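Novice: Quick note, the sequences are listed as chains A and B, same order.
Residues 829 to 1296 (our numbering) make up the first sequence, in order.
Residues 216 to 296 (our numbering) make up the second sequence, in order.
Glycine included, each C-beta is placed from N, C-alpha and C at the ideal position.
Every value quoted in this text rests on a predicted model; they were computed, and no experiment measured them.
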Amino acid sequence: MFNFSAHIDNIACVTPLGEKLTYGELEQRSYELSQHIRLGSLSFILCSNTISSLVGYVAATKLHSACLLLSAETPLDSLLNLIETYQPQQIWLPSEYCTRYQFELYTRIFSDHEYSLLQNNNDIYTALPKELKVLLTTSGSTGSPKLVRLSETNIMHNAASICEYLQIDSSERPITSLPMHYSYGLSIINSHLVAGATLLLTNASYIEKTFWEFAANEKATSFAGVPYTYEILKKLKFFHRDLPYLKTLTQAGGKLSKELIEYFVTNSIAHSKRFIVMYGQTEATARMSYVPEYASIRKVGSIGIPIPNGTFKIFQDGMEVLDSNQSGELVYYGTNVSLGYAECLDDLYLGDVNNGILYTGDIAYKDEDGFFYIVGRLKRFLKLFGNRISLDYTESLLKGRYNGDYVCVGTDNKMIIYTDNLQPNYSDVIKYICEFTHIQHSAFEIRHIERIPRSASGKILYHQLLNE
Amino acid sequence: MNSNLIKYNGIFCDVFCVTDPSQLPLLQLKVSQQWDSVGHIGLISALEEAFDIDIEPDDMFEITSYLIGIEVLKDKYNIDL
């Protein structure tokens, strides 16, 4: 998928251990690995922000083959569940992971720099469609292995648009502050590989000193975060840090409060940096819109304008809304709109079912200057710490496990769970939710209610429940 | 156990969903479940509120385990633990 020939001598990535790889070396290492990948087959990659993980990604997208990107910390039962559903021919994972667990139907055939390649003992599979390249989990969804199917065109076109609106060139040095298996994190890797830039790869978190030492020593030029990342950055007094080379801060993955946007925009200007608010979904590969630097103060709270080669339209009751300040469902058009979803192996062969059109599920309006603002959602889900969590799914899980009725509402800050069960073991319920969502318990609150409000026909009246 | 230590333990139990206090000395950033970046800031905020202090960013990086946290609060913020 990637063509590095224009910048083979550039440094593709560096790590805190001082490891460096040129694009030529990245090409060579990924070529060696790709020799072990069966043509037209699916690979799983257990991602981390390491050279080996990057090599695996480049290798698995090199030839006619596709890969599912997962966290290297995927719990074993979830991984086995996905293996059973999608029957990958290869799994590229940290060697430590495959030493710890047995994968009965697989044989380890290759190892390199603390990663190993497992290959399926059964080599009977139907070749995947050529256009299919990358599968990503819908962010934060747990339990159901619902995947987004991305094509080479999706990834390359989105990367090109991102390079254009952020003016990314080979001099850039982004530090990896997000996981590689997360669409936003992957989009940073893709756009900078296309530009021949240098990735600063680290698994350290921005709450660790080593992260900032690495950023300073290696002259990081950009940093990316989701809303809570910026809450933390403010607490860490980010602008007191001496990071003269760090010029760009990007934010996506949910709505940041107006106060924080203002704080980061004004402080960025004062420190000759730029703070760019963006909007996207995994279903659109990653990005759909951004707030250009020139408008960052005037358009606080906006998701901005569509990225190059993208278009937004607003629809209400099946009719396009042309007037400004009228809200309706936000629909995106562009070549970065994914092929569709997959929930089982057969779905991988479906081809393009979206045809470049994405119904975002967000309610939005456009102002007189063509800037878009999101005001609500059609579907019932929350984005807790950047993870998309379905309220209906959470309800069904709780009802299936505990006595009584459970109803979930909330804001992106907190999910409120109402129950008519007088004596549920609250801490047990919360612990269970934390386990299946992998989210901090502070994002959940349980409240007792006498009776769940319902309409005559039995529909839950969500608006009667306080959502904060 | 002095009242500050009771408070300190309570915060850790609360933030990281620990029910057995004997497990507290094992808690470590990035190692223990729940002690990720979000949990870390939750912990720092709770400590600041409970002890009425402003923890400096460098000390936020320093507090990487239950035990080191005690030392940092003792040495840098004069809290009797």
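1) For a contact meaning CB atoms closer than 8 Å, what does Ile-1035(A) contact in chain B?
2) Indicate whether His-1009(A) and Leu-1173(A) have their beta-carbon atoms separated by less than 7 Å.
3) Which value, in whole angstroms, describes the spacing of the CA atoms of Arg-1115(A) and His-985(A)?
4) Below 9 Å between beta carbons is the criterion; list the residues of the stretch 950–966 of chain A that meet it against any residue of chain B, in chain order.
5) Would you report the Cα separation of Asn-909(A) and Val-976(A), rounded to the nearest angstrom?
6) Any Cβ of chain B within less than 7 Å of the Cβ of Gln-1268(A)?
7) How many whole angstroms separate the CB atoms of Val-1203(A) and Ile-1191(A), which I take to be in contact at a CB cut-off of 8 Å?
8) Between which two residues does the beta strand (DSSP E) containing Gln-947(A) stretch?
9) Would you mind sorting Ala-955(A) into buried or exposed? The rule is 16 or more other CB atoms within 10 Å of its CB.
10) Please compile the residues from chain A whose C-beta is within a distance smaller than 9 Å of the C-beta of Gln-249(B).
11) Identify which residue in Phe-872(A), His-1269(A), Ile-1097(A) has its Cα closest to the Cα of Leu-907(A).
12) What in chain B is Cβ-close to Tyr-1056(A), meaning under 7 Å?
13) Skipping 5 residues on each side, what residues in its chain have a beta carbon closer than 7 Å to that of Lys-1065(A)?
14) Thinking Thr-1028(A) and Glu-1000(A) are a contact (beta carbons under 8 Å), I'd like their distance in whole angstroms, please.
15) Assuming contact is defined by CB atoms lying nearer than 7 Å, are Ile-1245(A) and Ile-1277(A) in contact in what I supplied?
16) Check the Cβ of Lys-1065(A) against every Cβ in chain B and list those closer than 7 Å, keeping chain order.
17) According to the neighbour-count rule (16 or more other Cβ atoms, all chains shown, within 10 Å of its Cβ), is Met-216(B) buried or exposed?
18) Write down the C-beta distance between Phe-1213(A) and Val-253(B) rounded to the nearest angstrom, noting that I regard them as a contact closer than 8 Å.
19) How about Cys-228(B): is its C-beta nearer than 7 Å to some C-beta of chain A?
20) Nearest to Asp-1175(A) by alpha carbon, out of Pro-973(A), Glu-942(A), Thr-902(A)?
21) Alpha carbon to alpha carbon, how far is Gly-1082(A) from Leu-1294(A)? Give it in angstroms, no decimals.
22) Grouping DSSP H, G and I as helix and E and B as strand, with all else coil, what is Val-1119(A)?
23) Would the stretch 1018–1025 of chain A and the stretch 1066–1077 of chain A be scored as touching if the rule is three or more Cβ pairs under 8 Å?
24) Quick one: Cα of Ser-881(A) to Cα of Asp-1220(A), how far?
25) Can you name the residues of chain B whose CB is closer than 7 Å to the CB of Phe-1213(A)?
26) Output the distance between the C-alpha atoms of Asp-1233(A) and Asp-1256(A), rounded to the nearest integer angstrom.
27) Step through the CB atoms of chain A and report whether any lies within less than 7 Å of the CB of Cys-232(B).
28) Does the Cβ-Cβ distance between Leu-1178(A) and Gly-1168(A) come in under 7 Å?
29) Based on the DSSP secondary-structure assignment, which residues constitute the bridge partners of Gly-1108(A)?
30) Would you give the residue range spanned by the alpha helix (DSSP H) that Phe-276(B) belongs to?
31) What is the DSSP secondary structure of Asp-1256(A), reduced to helix, strand or coil?
32) Is it true that the CB of Ala-261(B) sits closer than 7 Å to the CB of Ile-221(B)?
33) What did DSSP end up calling Ala-894(A) once you bin it into helix, strand or coil?
34) Just grab the DSSP bridge partners of Pro-1072(A) for me.
35) Strictly below 7 Å CB to CB, what residues from chain B border Ile-1060(A)?
36) Kindly say whether Lys-1259(A), judged by its beta-carbon, lies nearer than 7 Å to any beta-carbon of chain B.
Specialist: Let's see:
1) Neighbours of Ile-1035(A) in chain B, taken as residues at a C-beta separation under 8 Å, are given in chain order as Leu-244, Ser-252, His-255, Ile-256, Met-275, Phe-276.
2) Not a contact, by the Cβ cut-off of 7 Å.
3) Roughly 11 Å separates the two Cα atoms.
4) Flagged: no residues at all.
5) The alpha-carbon separation between Asn-909(A) and Val-976(A) amounts to approximately 17 Å.
6) So yes, Gln-1268(A) belongs to the interface.
7) That belief holds up - the Cβ atoms of Val-1203(A) and Ile-1191(A) are roughly 5 Å apart, short of 8 Å.
8) That run of the beta strand (DSSP E) goes 943–948.
9) Exposed is the call here.
10) Those are Cys-1262, Gln-1268, His-1269, listed as they occur along chain A.
11) Nearest of Phe-872(A), His-1269(A), Ile-1097(A) to Leu-907(A), Cα basis: Phe-872(A).
12) Val-253, listed in chain order.
13) Excluding the 5 residues flanking it on each side, Lys-1065(A) has no same chain C-beta neighbour closer than 7 Å.
14) According to the sequence displayed, residue 1028(A) carries Leu and not Thr. Rounded to the nearest angstrom, the Cβ distance from Leu-1028(A) to Glu-1000(A) is 10 Å, too far for a contact under 8 Å.
15) Inclusion of Ile-1245(A) and Ile-1277(A) in the CB contact set at 7 Å is not warranted, their separation being larger than that value.
16) What Lys-1065(A) touches in chain B: Pro-272.
17) Under this definition Met-216(B) is an exposed residue.
18) Right, their Cβ atoms sit about 6 Å apart.
19) With 7 Å as the cut-off, Cys-228(B) does not count as an interface residue toward chain A.
20) That would be Pro-973(A), whose Cα lies nearest to the Cα of Asp-1175(A).
21) Between the alpha carbons of Leu-1294(A) and Gly-1082(A) lies a distance of about 21 Å.
22) Three-state result, Val-1119(A): coil.
23) No, the stretch 1018–1025 of chain A does not touch the stretch 1066–1077 of chain A.
24) Whole-angstrom Cα-Cα distance: 35 Å.
25) Those within 7 Å of Phe-1213(A) in chain B are Val-253.
26) Whole-angstrom Cα-Cα distance: 16 Å.
27) Put simply, the CB of Cys-232(B) is near chain A, with a gap under 7 Å to one of its CB atoms.
28) The answer is yes: Cβ separation under 7 Å.
29) Per DSSP, Arg-1115(A).
30) Looking at the DSSP string, the run of the alpha helix (DSSP H) that includes Phe-276(B) is 272–277.
31) Asp-1256(A) falls in the helix class under three-state DSSP.
32) It is not a contact, given that the beta carbons lie outside the stated cut-off.
33) Under the three-state reduction of DSSP, Ala-894(A) is assigned to strand.
34) In the DSSP assignment, Pro-1072(A) is bridged to no other residue.
35) Here the neighbours are Ser-252, Ile-256.
36) Yes, contact with chain B.
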